[in-house]
Amino acid sequence: MTKQILIAGFGGQGILFAGKFLAYKGLTEDKQVSWLPSYGPEMRGGTASCSVIISDEPVGSPIVSKPDVLIAMNIPSLDRYEDSVVPGGVIIADSALIDRHVKRTDVTAVEIPATTLASENNMPTLANMIITGKLLEILDGFNEESIRAALGKVISAKHADMLEVNLKAIEIGSKL
Amino acid sequence: MADKVLMKGNEAIAEAAILAGCKHYFGYPITPQTEIAAYMAKRMPKIGGTFLQAESEIAAINMVYGAASAGMRVMTSSSSPGVSLKSEGISYMAGSDLPGLIVNVQRGGPGLGGIQPSQSDYFQATKGGGHGDYHLIVIAPDSVQEMADYTVKAFDLADKYRMPVMILADGTMGQMMEPVSLDLDIKPAPEKPWATTGTNCERKHNIINSLSLVPEELEKLNFERYEKYAHIQETEVMYEEYMTEDAETIIVAFGIAARVSKNAVAAARKEGIKVGLIRPITLWPFPTEVISKAADKAKRFISVELSMGQMIEDVKLAVNGKAKVELCNRAGGMIPSPEQVLEAIKNGGAE
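So the sequence lines, in the order shown, correspond to chains A and B.
What the first sequence shows, in my numbering, is residues 17 to 192, in sequence order.
What the second sequence shows, in my numbering, is residues 1245 to 1595, in sequence order.
Below you can see the structure in the form of structure tokens.
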């Protein structure tokens, strides 16, 4: 099985971090993975995106042009990528920042106010992980062991104290 | 897989170089390869090596020339416009028979171009770039693991043949992360009795120079160097074949284009189309013989490239009129989609 995931939003929302977490989680589960960031001028304040592929087989092209799952964390990302999602795929949108609904009717649309929830739970920078938690719940459920292992890899030693709050954010998302 | 770590291609090159005994890095930042320099800036001081951000690409390649002359394993890296600047120094290294690694993480051109992935420096890498009769060994990885593996191999080949070796990657290969094992095949660097390490008044001076004003002597040096190149063409060709046994159509692609093409080949096979892929790993020496042999059976070749069609010339030379050769390409920082390649497989590319 192969899951092609596209995560998109503003620079600074932790788009690349969420993607890295998913890639590491795949790696800890002995999957084949690839992670490809956008590295254009969008890094300097515009939109950011990253392609993550998690597969049981060797990954061919690392570029996700037809995602099975789209995480959209702002309006430009939903506008730009909504049509590219495969029929039957999943779109998870941060409804706190996106003031329209998903138009596609042939995909599973999940709209959660991740940014609001992050503020309410005193973790304002972790809307990305709340929304990632929702993604995990849809894909394969909340498996604390592999989530912990992946967070341990993706969070640098210097910021090790952030592990628990990231785990908490994922848990909040997974229960929505 | 416990021993695998996620790394960017650029970082994998840098770490592999250090593991291979490279203690000297000279460079100048340019997207999309700056992570190599950043990684070296962090790591080199810790292992007693040299990281030096030169005042320009030209300075950096000449520092590589100097360190290589002293017998050190040494490298530089850049992206397309920066490699153009280094081309004079690369020719001097070739003319002085100096080993060293040059990494080109290509971006769209010509000129300053853009910063997105490209393969449009194929001509520059394989046909010269600098002036004079010379070749580089040019290796094109298609995964982060290969970025690491072939960096080690590049140092070995450079020392073995006393010549510069280039890793020709692109923005995708540099920026993407994949699991990589750093359990690499490291061999110690060979003795370098030719290096300018000081005579201790015990031997003749070693002289490293590309200047040779007597044409008879310069001609002899060129002929000798080309004997070496002929040997490399016979012994060092690397390639991968994918589903070619019964293929009527064969895609030739390297690097990221090969990754995209593999998806297209797999999709076409599901529809019963007999298509395969030959992936040159060394672009020079080019896998001419394997393509020529494949052309005895296959009816059609498609060169898939992130350029206006450069490698296709070498494919045509190898096919030598035995089959049709078509082009499927994007340029300027764009990447062909698997669907575009599949379309070319089904309905033909540009001729």
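The C-beta atom is built at its ideal place from N, Cα and C for all residues, glycine as well.
Item: V215(A): contacting residues in chain B (beta-carbon distance under 9 Å); Value: Limits of chain A in this structure are 17 at one end and 192 at the other, which puts residue 215(A) out of reach.
Item: Contact set for A1439(B): own chain, Cβ-Cβ below 7 Å, skip 5 residues either direction; Value: S1313, A1314, G1315 and N1450
Item: Cβ of V1504(B) within 9 Å of any chain A Cβ; Value: yes
Item: Closer than 7 Å at the beta carbon, the chain A residues around I1579(B); Value: I79
Item: Neighbourhood of L43(A) by C-beta distance below 7 Å, restricted to the same chain and skipping five residues each side; Value: V49
Item: Neighbourhood of A134(A) by C-beta distance below 8 Å, restricted to the same chain and skipping five residues each side; Value: P140, T141, L142, A143, I146 and A185
Item: Extent of the continuous beta strand (DSSP E) to which N90(A) belongs; Value: Neither: N90(A) is in no beta strand (DSSP E) and is coded neither H nor E.
Item: N- and C-terminal bounds of the alpha helix (DSSP H) containing R1317(B); Value: No alpha helix (DSSP H) holds R1317(B); DSSP gives it neither H nor E.
Item: Three-state secondary structure (DSSP) of A1298(B); Value: coil
Item: C-alpha distance - M1245(B) paired with S71(A), whole-angstrom precision; Value: Low confidence applies to M1245(B): its pLDDT is 41, below 50, so where it sits in the model is not reliable, and the reading given next is rough at best. Cα-Cα distance, rounded: 14 Å.
Item: Candidates E1299(B), G1253(B) and S1300(B): closest to Y1283(B) by CA position; Value: G1253(B)
Item: CB contact below 9 Å: T1416(B) versus chain A; Value: yes
Item: Buried/exposed call for T1441(B), threshold 16 Cβ in 10 Å; Value: exposed
Item: Contacts of A1510(B) in chain A (Cβ-Cβ under 9 Å); Value: G76
Item: Same chain, Cβ closer than 7 Å to I79(A), neighbours up to 5 away in sequence not counted; Value: L52 and S67
Item: Which listed residue (I1556(B), L1462(B) and P1582(B)) has its alpha carbon closest to that of G1339(B); Value: L1462(B)
Item: Outcome for F1498(B) when other beta-carbon atoms lying within 10 angstroms are tallied against a minimum of 16; Value: buried
Item: Residue-level contact to chain B via CB, K19(A), 9 Å cutoff; Value: no
Item: Any alpha helix (DSSP H) of 4 or more consecutive residues that is wholly inside the segment 1511-1551 of chain B; Value: 1532-1538
Item: Neighbour list for T1488(B) in chain A, Cβ cutoff strictly below 8 Å; Value: By Cβ distance, chain A contributes nothing, its closest Cβ being about 17 Å from T1488(B), past 8 Å.
Item: Residue-level contact to chain A via CB, Q1363(B), 9 Å cutoff; Value: no
Item: Under 9 Å between C-beta atoms of T148(A) and A39(A); Value: no
Item: Chain B residues whose Cβ lies nearer than 8 Å to that of G104(A); Value: The contacting residues do not exist; G104(A) stays about 18 Å from chain B at best.
Item: Coarse secondary structure for A130(A), derived from DSSP in three states; Value: helix
Item: Where I1305(B) falls: helix, strand or coil (DSSP); Value: helix
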